[in-house]
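Taking it in order: structure first as C-alpha cells, then the write-up.
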Amino acid sequence: MPKLTRILLLVAFAALFAAGVSAQDGGILIGTNFGGDPNNMNPLISNNTVELGLNEFLFPSLYNIDPETRAPMKAGRNDQDNGLALDWSISDDGLTYTFNLRDDVTWNDGTPVTAHDYKFTFDALASGETSSPRTDVLQSVESVEAVDDTTIVITLSVASCRVIEELDDFGILPKHVIEPAIDGSFAAIDELEFNKNPSVTSGVFNFGVLVPDEQTSLVRNDNHWMPVSPDGYIIRNVPDQTVGIEQFLAGEATSVGTAGGGSVPAARMEEFRERAEAGEFQIYEYVDDGLTFVGFNLADRGMPVNGLDEDGNPLEQGHHPLFGDVRVRQAIAQAVDYAQIIDGAAEGEAAQVSSYGTPALWGYDSSIEPWQYDPDAALALLAEAGFVDDDDDPSTPLLATEDALYAEPGTAFEFELITNSGNAVREAAGTVIQDQLGQIGIAVDFQTQEFGAMVQFLLGQDFDAIMVGFTNIDQDTDARNVFTPVGDVVGGGFNFVSYSNDRVTELYDQALALPGCDFAERQALYHEVSRILHEELPWWWLFAPNAMYAESNAVQNWLPYAETRYANMADIAISP
Amino acid sequence: MFKYIIRRLVQAIPTFFGISLLAYLLLWLAPGSVVERLYFAPNISAETRARLAAQLGINDPFHIQYLRWLVGDDWMRWDNDGDGLADQSFGLLAPLDADGDGVNEPPGESYGILRGDFGSSFIKKKPVMDVILANLPATLELGTAAILTSLAIGIPVGVISAATRGRAFDNASRVMAVFFDAVPSFWLGLILLIFFGRQLDLLPMGGRCPPTLTGVCAPIFLRLDYLLLPTFVFAAGFIALFSRYVRTSTLEVMHQDYIRTARAKGLSGRVVYFRHAMRNAMVPVATLLGPIITNVWGGATVIETVFGWPGVGRIAFTSAIQQDYPVVMGITIFAALGTILGFLLSDILYVIIDPRIRLS
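Pasting the structure below:
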C-alpha cells in the first residue's frame, strides 16, 4: 500500500477500525475481483463466480468436496468446511438416499444447522417460484424429508448417481430467518434484503458489507465452531485485470483474483513463475476446468430438427455435407499443429485435451492420447472420404467426388467457422486454424460474431462449425444434455451439433443408474464415453487453459488446490 | 428568461420520447439476452432458461416491453381478490395465462418511468434508481474535480498562450493540447497508475477509498490521493479543449476597440488580459461547458473502468455488456436529461457572461 495512503489510513481511521473490527491477530486477506459485484448472496440464486466463491465461506452445504479429487467427501466433526454429511447410504434400488448430518454446526446466531434447513431450502427450490437456475435437480428428486434434526431422506423418481452432485449444488438457507420473512410465498425469496446482506450465516466468515463497484467484505465469525484466524476478507472490485495485477505487485492486494476465481493471465505466467522462484510471492498452477473446442454441425444446417419427437422417437435430421462423415472430422483433427494454436492463442499456457472435460475432472480419461498433427494422414483420410485436390493447387479448395458420403460431387470443401468477438484467445485460435486448414485445401470462412448473435446461431443449430468454450464443467462428466438426442433441441438444447451414438447414451444411462453408484465403476464408464467421443469428434477437442493462483508471501499456511484457492481458510494468517 | 427555460423544457418532452423509443428499440434488436449471457451452460436446461426469461419478461413483444417500461403494467393485469394471481387484464396486452400453463399470471407491479419507476436491474436485483444513485456521488465527485481542474488550468493556459503568441509557452501549450487530446485515456491512466502507484509507490493503484472491512469511505479531503490521477486523466482532454478555445477567443478579443482603450488608459497587461479580455473570451467556454457537464453526468466509462472508480460510467458499460436493459435505459434517460439541462445551462451562461445576448 502506498505510503501516503498508509499514513492517512492510520491517522483518520484508527478509531473506525477499532470499532468495526476485532483484534487484528490474523490479518486481512484482500482479493482482486475482475468480475461483477456479488449482487446476490442467497445461495439459491447466486450465479456468478464471485458470488459462488463467497458462498462457500458463508453457507453450509450438504457435503464437503475433496479438494484433491473434487469428489463428494464425508465430513468429520469439527471440520472447518461447511459440509454437513458425516456419511450417507443409497438403497439397493438407487432411489433412496439417506444422509446422516453433523450436529455441531450452528448459524452465527447460535441456532443449530439442521436437516430442516436443508428441506426448507430444497422446498424453496422445488417451488419453481424463485429465480434459481438450479432447478434441474428436480428432474430426478421426488421428495426430501427431514426425519429428525440430523437425518435427511431423499427419494428419487428415477435412479440417478448424478443426483449426489446436484443435491449439493446449492448452499443451505437458515429456515428460522427466511421462513418468517416470506409469509408462505417462496417467490418472495427473490426480494429479500437477506440476499444483499445475509446477516445469519454459518461459515468461517460473516458477511460484512457490499459497496457497489468498489468492494465486498467478510468478517471473522467469532461464533464459528472452530477458531478462525483471519480477521476478514476484502474483495476489491477491480474491472481492469492489468490494474488488479499491478495492485497485487504493489502490495495493495494479497492475491490476484478471489476465492471464486481469477487466474494470472497467460501472458504474464512466465514472469510470475520467475518472480515466485525469486521468492517475491507464492504461486499455484493447475489446468483449468474450462474447455475450448470447435463444435461440428453433423446435421443438415438448412433444416434444423430436434433429435427426438414428442414421444422420444428419433427424427430424421439429414447430414451436414462435410461434417456428417466422421473421416472428415478426423482428418481436420490431424490437419492442424496444436502447438501453434496453443502458442498463438494461449501464449503456450494451455494443455491439449483429447475428449470431453479436462484433466481437472475425475470423469476425464487422461490416458487418451490427443489428436496429433499429421497433414499426410489428414489428406489420405480426406481422399478416402471423397475429397480430392483436382488441380494440384493447395490454394484452391478440395472438391467432392462421387465417393463423398453426403456432399454433392464437385462441392468445394469450404465452411464457416464462427466464434464470439472480443475473446482474443478464440480469435487467435480461429486465425491459426483458418491458415493451417487452408494449407491442405480446406477453405475456412472465419467469422466473429457478437456473443448474443453467436449464441443464436449455436442454439438455432444454424452453423457449420462453431468455436466456443465452457468453463466450470461439472465434476460428474455426465454430459447427456450435450451428447445425446435428449439435448438436441433446436433453440435451446446443448447438443447443438446433433450428435447421437447409442453406445454413448447407454453408457451415460449405466453410469447414472449404477447400483451403489460406485465411484470407480462410474469413472470407467465415463472413460469409455471419453474414448468414443475422442474418436468420433462431435466436438473438435482443442485445449484447456493453464491457471495460476498468485498469493502474497504475507499469507501464511496457504493450502491451494485446483479450483480451490483456500482449502483451509480458518487456518490462514496474514502477516503485517 | 423564465419563459425561455419553460419553453425549452416543454420542447424537451418529445425529444425524451424519441430518445427512449430509439434506445429501447436498439436494445431490443440486440441479439441474445441477459438469460443467455448469465445462464449459457450445459448444466442449465432450456426449460430453466425459458422460465428465467419469462420471469424477467424479456420474451414479450417489443410494444409490451416498451409500454411496461414507460407506463408500467399494474393496469395491464391486476388482482381483485387478493390471491396473488391476476383475475382481470387487458387481454390483448397481457393475457391472464400468458404461458398457457393453466394458472393465471401474477398481477403487474411496475409503474413505468412516467410514474417514477425505472424498474429493477436484472443483474443487481434492485431498483434502477438505487443502482444509479449509489454510483452517482462518485461520478459527480470525479466529474466536478475534473471540470474545476480543467477550468483552473485550461483558461489561464489559453490566456497566457494568447498573450505569448508564437513564443515558447504558446508552442509548449499547443504540444500539450495535442498530446492530451490525442492520447487514449485508458493508456494514459494505466501508465500513470503504474508509474505513480507501483514504481514510485506514491499514490494508490486505483479505487475511490482505501479497502476496509467496514466499507466506510473517508471524507474526500482525506483521500485526495485516490482522486488525483483519475481527475488528471479525465481533465486532460478538457484542458486541451479549453486552452485552445480560450487562446483563440482571447486573440480575437484582443483586437477589439475596448481592449485598445484599456491599453491606452495605461492599464497593465495582466489587468487587460485577465480582467477585460478574459470575460469576453469566456463565451466559447460557456458553449463547451454544457456538453462537458453532460459528459460528466453520464460518467466517464473508460476512466472509471481503468481506475476502478465506482461511478455511473462503470455501470453503464457493464450493464450494456450484460444486456441489463432496465439499467441501460435508466442511464440513457439520465444522460438525456443531463444533455438537455447541460445545453440549457450553456444558453443561460451566455447571457450571464455577455449581457448583449438576449434569449428569445
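In the order they appear, the protein sequences are chains H and X.
Each residue of the first sequence is one higher than the one before, starting from 0 at the first, in numbering that gives the first Met the number 0.
Each residue of the second sequence is one higher than the one before, starting from 0 at the first, in numbering that gives the first Met the number 0.
Think of the CB as a built atom: it goes at the ideal place given N, C-alpha and C, for glycine as much as any other residue.
Quick check: the Cα distance between residue i and residue j, rounded to an integer number of angstroms?
i	j	result
H/Thr-97	H/Tyr-285	35 Å
X/Pro-41	X/Lys-124	24 Å
H/Arg-579	H/Ala-265	Since the first residue shown for chain H is 0 and the last is 575, residue 579 of chain H is missing from the structure and cannot be characterised.
H/Leu-380	H/Val-387	10 Å
H/Glu-309	H/Asp-508	20 Å
H/Leu-172	H/Asn-194	11 Å
H/Gly-256	H/Val-325	41 Å
X/Arg-7	X/Leu-343	8 Å
X/Thr-317	X/Phe-194	27 Å
H/Met-268	H/Glu-245	14 Å
H/Ile-233	H/Thr-215	6 Å
H/Ala-14	X/Ala-335	Confidence is the limiting factor: at H/Ala-14 the pLDDT is only 38, short of 50, which leaves the residue's position unreliable, though a coordinate-based value still follows. For H/Ala-14 and X/Ala-335, the distance between alpha carbons rounds to 43 Å.
X/Ile-63	X/Thr-143	39 Å
X/Arg-274	X/Leu-141	30 Å
H/Ala-22	H/Leu-532	Here H/Ala-22 scores only 38 on pLDDT, less than 50, and its place in the model is too uncertain to base an answer on.
X/Ala-239	H/Gly-243	30 Å
X/Gln-87	X/Asn-294	45 Å
H/Gly-490	H/Asn-205	42 Å
X/Leu-113	X/Asp-224	41 Å
X/Ile-332	X/Leu-91	28 Å
H/Asp-148	H/Thr-113	5 Å
H/Ala-512	H/Arg-161	9 Å
Which chain X residues sit within Cβ distance under 7 Å of residue i?
i	result
H/Pro-132	Tyr-38, Ile-43, Thr-47 and Leu-51
H/Glu-415	Correct list: empty, because the minimum Cβ distance to chain X is about 17 Å.
H/Val-140	What H/Val-140 touches in chain X: nothing, since even the nearest Cβ is about 15 Å away.
H/Glu-449	Pro-30
H/Gln-214	Pro-210 and Gly-214
Contact defined as beta carbons within less than 8 Å: I believe residue i pairs with residue j. What is the distance between those atoms, to the nearest angstrom?
i	j	result
H/Val-237	X/Gly-214	Wrong, their Cβ atoms sit about 16 Å apart, outside the cutoff.
H/Ala-543	H/Gly-289	6 Å
X/Leu-37	H/Asn-46	6 Å
In chain H, which residues lie less than 9 Å from residue i when you measure between Cβ atoms?
i	result
X/Ala-334	Within chain H, no residue comes near X/Ala-334; the closest Cβ sits about 18 Å away, beyond 9 Å.
X/Gly-56	Per Cβ cutoff of 9 Å: no residues; X/Gly-56 is ~12 Å from chain H at best.
In the structure shown, what three-state DSSP assignment does residue i receive?
i	result
X/Pro-354	coil
H/Ser-201	coil
H/Asn-32	strand
H/Phe-58	coil
X/Asn-103	coil
H/Ser-142	strand
X/Phe-15	helix
H/Leu-8	Residue confidence for H/Leu-8 is low, a pLDDT of 45 falling below 50, so the modelled location carries little weight; the figure read from the coordinates is stated next. In the structure shown, H/Leu-8 sits in a helix (DSSP, three-state: H, G or I).
X/Leu-84	coil
X/Thr-213	coil
X/Asp-169	helix
H/Pro-575	coil
X/Ile-339	helix
H/Tyr-548	strand
H/Glu-415	strand
Use the C-beta contact count for residue i: other C-beta atoms within 10 angstroms, 16 or more gives buried, fewer gives exposed.
i	result
H/Val-146	exposed
H/Gly-294	buried
H/Ala-464	buried
X/Ser-267	exposed
X/Tyr-257	exposed
H/Asp-168	buried
H/Phe-414	buried
X/Ala-176	buried
H/Ser-574	exposed
H/Gly-486	buried
H/Glu-164	buried
X/Met-75	buried
So with CB distances below 7 Å, who are the chain H contacts of residue i?
i	result
X/Met-204	Val-242, Glu-245, Gln-246, Ala-249 and Glu-251
Could you list which residues in chain X have their beta carbon closer than 8 Å to that of residue i, in chain order?
i	result
H/Arg-235	Gly-206, Pro-210 and Gly-307
H/Asn-480	Pro-41, Asn-42 and Ser-44
H/Phe-469	Ala-40 and Pro-41
Residue i touches chain X at which residues, Cβ-Cβ below 9 Å?
i	result
H/Gly-491	Ser-44, Ala-45, Glu-46, Arg-48 and Ala-49
Applying a beta-carbon distance threshold of less than 8 Å, which residues of chain H neighbour residue i?
i	result
X/Ala-123	The amino acid at residue 123 of chain X is misidentified as Ala; the sequence shows Lys. Simply Asp-36, Asn-38 and Pro-211.
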